[in-house]
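The numbering of the sequence shown is the working numbering, which starts it at 20 and goes up by one. All residues carry an ideal CB built from backbone N, CA and C; glycine is no exception.
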Amino acid sequence: MKTELLYKQWEILGLLLSLLSAMGLSQHTTPSPQQQQRGKIRFRLAGYPRKHNEGRIEVFYNDEWGTICDDDFSMENAFVLCRHLGFVSATGWAHSAKYGKGTGKIWLDNVQCSGSEKHIGDCKSRGWGNSDCTHDEDAGIICKDERLPGFVESNVIEQVEEDRVEEIRLRPIVASAKKRNPVTEGIVEIKYKDGWTHICDIGWTPKNSQVICGMMGFPMERKANKNFYKRIKKQAAKAKSKIIGSGNRLFTERQENTYRIHSVACTGSEVHLSVCPLQFYKANATAPCEGGMPVVVSCVAGPQFASGNGQKKKKATSLRVRLKGGAKTGEGRVEVLKNNEWGTVCDDRWNLQAASVVCRELGFGSAKEALTGARMGQGMGPIHMNEVQCTGNEKSIWNCQYKNITSENCQHSEDASIKCNIPYMGYENSIRLSGGRTQYEGRVEVGTSSNGTHQWGLICGEGWSTKEAMVVCRQLGLGYANHGLQETWYWDSSNTTEMVLSGVKCTGNEMSLSLCQHHGNNVNCKRTGSRFAAGVICSETASDLILNAPLVQQTAYIEDRPLHMLYCAAEENCLSSSAAKANWPYGHRRLLRFSGQIHNIGRADFRPKLGRHSWVWHECHRHYHSMDIFTYYDLLSLNGTKVAEGHKASFCLEDTECQEGIAKRYECANFGEQGITVGCWDLYRHDIDCQWIDISDVKPGNYILQVVINPHYEVAESDFTNNAMKCNCKYDGHRVWLHNCHIGDAFSDEAEKRFEQYPGQLNNQISS
Numbered sequence: 020m021k022t023e024l025l026y027k028q029w030e031i032l033g034l035l036l037s038l039l040s041a042m043g044l045s046q047h048t049t050p051s052p053q054q055q056q057r058g059k060i061r062f063r064l065a066g067y068p069r070k071h072n073e074g075r076i077e078v079f080y081n082d083e084w085g086t087i088c089d090d091d092f093s094m095e096n097a098f099v100l101c102r103h104l105g106f107v108s109a110t111g112w113a114h115s116a117k118y119g120k121g122t123g124k125i126w127l128d129n130v131q132c133s134g135s136e137k138h139i140g141d142c143k144s145r146g147w148g149n150s151d152c153t154h155d156e157d158a159g160i161i162c163k164d165e166r167l168p169g170f171v172e173s174n175v176i177e178q179v180e181e182d183r184v185e186e187i188r189l190r191p192i193v194a195s196a197k198k199r200n201p202v203t204e205g206i207v208e209i210k211y212k213d214g215w216t217h218i219c220d221i222g223w224t225p226k227n228s229q230v231i232c233g234m235m236g237f238p239m240e241r242k243a244n245k246n247f248y249k250r251i252k253k254q255a256a257k258a259k260s261k262i263i264g265s266g267n268r269l270f271t272e273r274q275e276n277t278y279r280i281h282s283v284a285c286t287g288s289e290v291h292l293s294v295c296p297l298q299f300y301k302a303n304a305t306a307p308c309e310g311g312m313p314v315v316v317s318c319v320a321g322p323q324f325a326s327g328n329g330q331k332k333k334k335a336t337s338l339r340v341r342l343k344g345g346a347k348t349g350e351g352r353v354e355v356l357k358n359n360e361w362g363t364v365c366d367d368r369w370n371l372q373a374a375s376v377v378c379r380e381l382g383f384g385s386a387k388e389a390l391t392g393a394r395m396g397q398g399m400g401p402i403h404m405n406e407v408q409c410t411g412n413e414k415s416i417w418n419c420q421y422k423n424i425t426s427e428n429c430q431h432s433e434d435a436s437i438k439c440n441i442p443y444m445g446y447e448n449s450i451r452l453s454g455g456r457t458q459y460e461g462r463v464e465v466g467t468s469s470n471g472t473h474q475w476g477l478i479c480g481e482g483w484s485t486k487e488a489m490v491v492c493r494q495l496g497l498g499y500a501n502h503g504l505q506e507t508w509y510w511d512s513s514n515t516t517e518m519v520l521s522g523v524k525c526t527g528n529e530m531s532l533s534l535c536q537h538h539g540n541n542v543n544c545k546r547t548g549s550r551f552a553a554g555v556i557c558s559e560t561a562s563d564l565i566l567n568a569p570l571v572q573q574t575a576y577i578e579d580r581p582l583h584m585l586y587c588a589a590e591e592n593c594l595s596s597s598a599a600k601a602n603w604p605y606g607h608r609r610l611l612r613f614s615g616q617i618h619n620i621g622r623a624d625f626r627p628k629l630g631r632h633s634w635v636w637h638e639c640h641r642h643y644h645s646m647d648i649f650t651y652y653d654l655l656s657l658n659g660t661k662v663a664e665g666h667k668a669s670f671c672l673e674d675t676e677c678q679e680g681i682a683k684r685y686e687c688a689n690f691g692e693q694g695i696t697v698g699c700w701d702l703y704r705h706d707i708d709c710q711w712i713d714i715s716d717v718k719p720g721n722y723i724l725q726v727v728i729n730p731h732y733e734v735a736e737s738d739f740t741n742n743a744m745k746c747n748c749k750y751d752g753h754r755v756w757l758h759n760c761h762i763g764d765a766f767s768d769e770a771e772k773r774f775e776q777y778p779g780q781l782n783n784q785i786s787s
């Protein structure tokens with residue numbers, strides 16, 4: 020009923036707009052000849068790989084098919100176009116020719132709809148056929164899969180189904196290779212109707228193979244041994260059944276080879292075979308691929324997926340590009356290293372060609388998506404590149420054309436990110452979740468084999484943490500880890516009750532639990548029973564906290580505080596151990612104070628792990644702690660030895676201030692909810708309790724100040740590597756100076772290089 024009512028409302032509004040237009044009261048920037056063409060305008064969805072309700076939007080105007088440029092494109096535009104195609108609404112849109120580049124005219128550019136227009140011609144634009152775009156900027160739309168009542172598809176022309184290529188696979192010939200992942204070599208097969216067909220190898224080039232390998236998740240191709248496959252073909256023709264070669268078990272299909280494509284002409288930079296010029300066999304073709312055989316492609320696996328010492332080679336290579344903030348392997352915000360400092364890439368003109376260069380440089384295949392608008396969270400620090408333009412064949416993004424930018428040109432809300440094709444490893448088949456309320460949660464069960472029988476077992480919950488949960492969520496493609504649970508008694512179990520794995524310890528970066536440390540076959544679990552099995556709760560989004568490093572540097576100072584004013588701090592354990600031996604309430608403590616401003620730049624609110632029922636009331640400060648340890652403050656010697664330490668619980672975690680247009684959601688007053696909203700920050704001023712390090716026992720010298728937020732990974736974040744901050748600290752016994760405070764990978768080699776030596780650093784003792 021709601022849909023019908025909405026449809027009628029749109030009809031009435033369309034009639035009103037038509038009347039206004041007839042009366043000369045409605046103004047449009049598009050020229051009047053378009054009104055005469057409306058009866059001839061048609062729409063269709065095209066491109067690769069797509070469904071019936073999504074694709075590149077194409078318009079039939081002036082007896083010619085063309086596309087729409089993505090400049091100024093919006094959800095309102097997509098809404099109007101989806102209604103043209105007979106769908107009730109739009110759920111998304113795509114830029115930069117996500118569904119492949121179209122051909123012919125670019126009919127519309129800078130289209131700006133309000134969403135209420137009856138026809139795309141009623142929206143503001145540069146006019147029909149007036150565009151400064153290329154087909155690299157063709158727009159696509161995703162429509163809600165629900166048809167308008169009474170819609171008849173007279174206005175929709177679908178792309179011809181016969182000439183579409185979507186699902187492609189590599190079928191290995193050697194039987195032993197079929198059991199291993201990833202499959203790096205085999206016959207190229209294309210899904211067609213209910214079966215698989217082949218490509219004729221006559222005229223096949225390495226550039227074609229490059230495209231296939233990119234789709235399969237591999238950075239490059241290599242020459243396949245065609246003679247080996249020719250011998251198999253001859254043997255198969257004789258045997259017409261399974262054969263056994265010397266030393267290798269081989270297999271063939273009883274069916275004859277069927278060919279669908281006889282000519283492919285890729286340049287090597289395409290992200291999908293469908294983009295390449297293809298020639299299909301006609302249904303009545305006689306003797307297809309005479310003198311040839313099915314195309315065979317061999318690919319080189321990237322370091323993360325190669326066997327042997329590939330991982331060591333990866334670490335030895337000094338890459339100047341990385342991905343951050345992504346939940347899965349091969350996706351994330353693009354960051355590049357310039358002048359020994361990591362920065363981001365602005366999304367202006369960001370497209371699949373540039374994204375594919377980054378993907379291949381990192382050891383993955385071609386790009387599935389080139390994302391804009393900080394879809395993988397905002398970065399920090401400098402923005403090193405803008406308007407990156409690649410041909411797609413470059414070895415590195417640094418070989419592409421780009422512009423240096425200033426802060427006025429681009430903001431971190433425009434950070435570019437990518438999703439790469441990665442090899443199929445089958446990791447998701449070895450574990451599963453059970454008992455949860457949704458697919459995103461449950462008790463973790465591990466697949467095992469015993470005497471040829473496959474069965475499922477549980478993981479001991481002892482020591483299970485967010486890091487292990489991160490790996491499970493990644494392995495199952497369920498996003499980020501919200502919680503790693505050590506007890507799961509409240510979830511119904513399946514028939515699985517046996518503990519088969521214990522002592523699991525992950526770094527959090529692994530692609531599979533099988534790559535983490537564990538006790539092996541010797542299960543050692545103190546608390547047995549399914550109620551103590553490990554579980555996870557996953558989420559599609561996560562928060563991301565960073566500390567305002569310049570503010571720490573600007574606000575640091577030393578204060579001598581009388582002991583009689585530090586009883587609350589002593590209760591909170593915010594003083595050094597020697598304070599307990601002091602002659603209370605006489606004497607004082609020397610405190611290194613500074614302000615801490617913690618921003619949430621992620622895509623989900625930062626919420627304490629524990630609910631309000633578990634928060635601890637502290638009478639001395641008269642507030643609740645929602646987290647026991649929210650931040651660690653440490654003073655380190657130059658060789659890394661801790662000389663003084665402090666910590667801070669979540670003293671009233673709330674939204675102190677927010678970016679323009681974002682409303683505060685969390686406030687501690689009246690036992691309110693605690694947290695930090697996306698786009699907001701919590702400020703711990705320098706003059707509140709425990710916002711310090713007690714340095715009463717520290718001698719003058721040169722040190723390193725280190726601050727780590729959320730140190731125990733209690734709350735899920737999309738990126739934990741930016742939770743640490745380091746500063747050079749000089750203390751002369753009376754005053755303190757902080758230099759070079761920075762965040763990012765504060766523990767990385769690049770960060771360590773940023774600590775420049777200054778006078779007296781080699782001699783740590785300074786005479787006072």
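Decide if the segment 160–168 is in contact with the segment 195–214; the criterion is three or more beta carbon pairs, one per stretch, under 8 Å apart. no
Per-residue DSSP class, three states only, for I139: helix
If you count every other CB in all the chains shown that lies within 10 Å of the CB of M584, and 16 or more means buried, which is it? exposed
Closest residue to W483 among N227, I192 and Y732 (Cα-Cα distance): Y732
CB W147 to CB L127, shorter than 8 Å? yes
Please classify H114: is it buried, with 16 or more other beta-carbons within 10 angstroms of its beta-carbon, or exposed? buried
Determine the direct distance from the alpha carbon of E309 to that of C219, and round the result to whole angstroms. 9 Å
Please return the same chain residues whose Cβ sits closer than 6 Å to the Cβ of K628, not counting the five positions on each side in sequence. E733 and V734
By DSSP, does E156 sit in helix, in strand, or in coil? helix
Please confirm whether T516 and S549 have their CB atoms less than 8 Å apart. yes
Assuming G466 and W510 are in contact, meaning their beta carbons sit under 8 Å apart, how far apart are those beta carbons, in whole angstroms? At roughly 19 Å, the Cβ-Cβ gap does not stay under 8 Å, so G466 and W510 are not in contact.
Closer than 8 Å to chain D by CB, T467: No chain D is part of this structure, which consists of one protein chain only.
Between G66, N72 and E83, which has its C-alpha nearest I60's C-alpha? E83
Among the residues of its own chain, which have a CB less than 6 Å from the CB of D367, if the five just before and after it don't count? N405 and E406
Quick one: which unbroken beta strand (DSSP E) runs of 3-plus residues sit fully inside the segment 212–256? Chain order, please. 214–218 and 239–241
How close, in whole Å, do the beta carbons of E676 and Q693 come, if the pair is a contact with beta carbons under 8 Å? In fact, because the Cβ distance is near 16 Å, the residues do not count as touching under 8 Å.
Could you compute how far the alpha carbon of I244 sits from the alpha carbon of C439? The identity of residue 244 in the sequence shown is Asn, whereas the question assumes Ile. For N244 and C439, the distance between alpha carbons rounds to 28 Å.
Measuring only the C-alpha atoms, how far is N528 from Q725? 23 Å
Go to Y651, then tell me how far its beta strand (DSSP E) extends in each direction, as first and last residue. T650 to L655
Rounded to whole angstroms, what's the CA-CA distance from R190 to E388? Just pull it up for me. 25 Å
Element boundaries [alpha helix (DSSP H), containing Y586]: Y586 to E590
CB G621 to CB G396, shorter than 8 Å? yes
Here's the rule: buried if 16 or more other CB atoms are within 10 angstroms of the residue's CB, otherwise exposed. What is S513? exposed
Give the secondary structure of W603 by DSSP, where H, G and I count as helix, E and B as strand, and everything else as coil. coil
Would you call the CB atoms of L532 and Q474 closer than 8 Å? no
I'd like to know if the segment 698–715 and the segment 654–674 are in contact, where contact means that at least 3 CB-CB pairs between them fall below 8 Å. yes
8 Å Cβ cutoff met for E136 and D90: no
Measuring alpha carbon to alpha carbon, tell me which residue in N359, T122, L371 and E360 is nearest G233. L371
Can you tell me whether DSSP reads S645 as helix, strand or coil? coil
Under the three-state reduction of DSSP, which class applies to E676: helix, strand or coil? strand
Give me the Cα-Cα distance between N81 and H103, rounded to the nearest whole angstrom. 17 Å
Hey, D751 and I695 are a contact pair by Cβ (cut 8 Å); roughly how many whole angstroms apart? Wrong, their Cβ atoms sit about 36 Å apart, outside the cutoff.
C639: buried (16+ other C-beta within 10 angstroms of its C-beta) or exposed? exposed
Less than 8 Å between the C-beta atoms of N501 and I450, yes or no? no
Please state the DSSP three-state secondary structure of F98. helix
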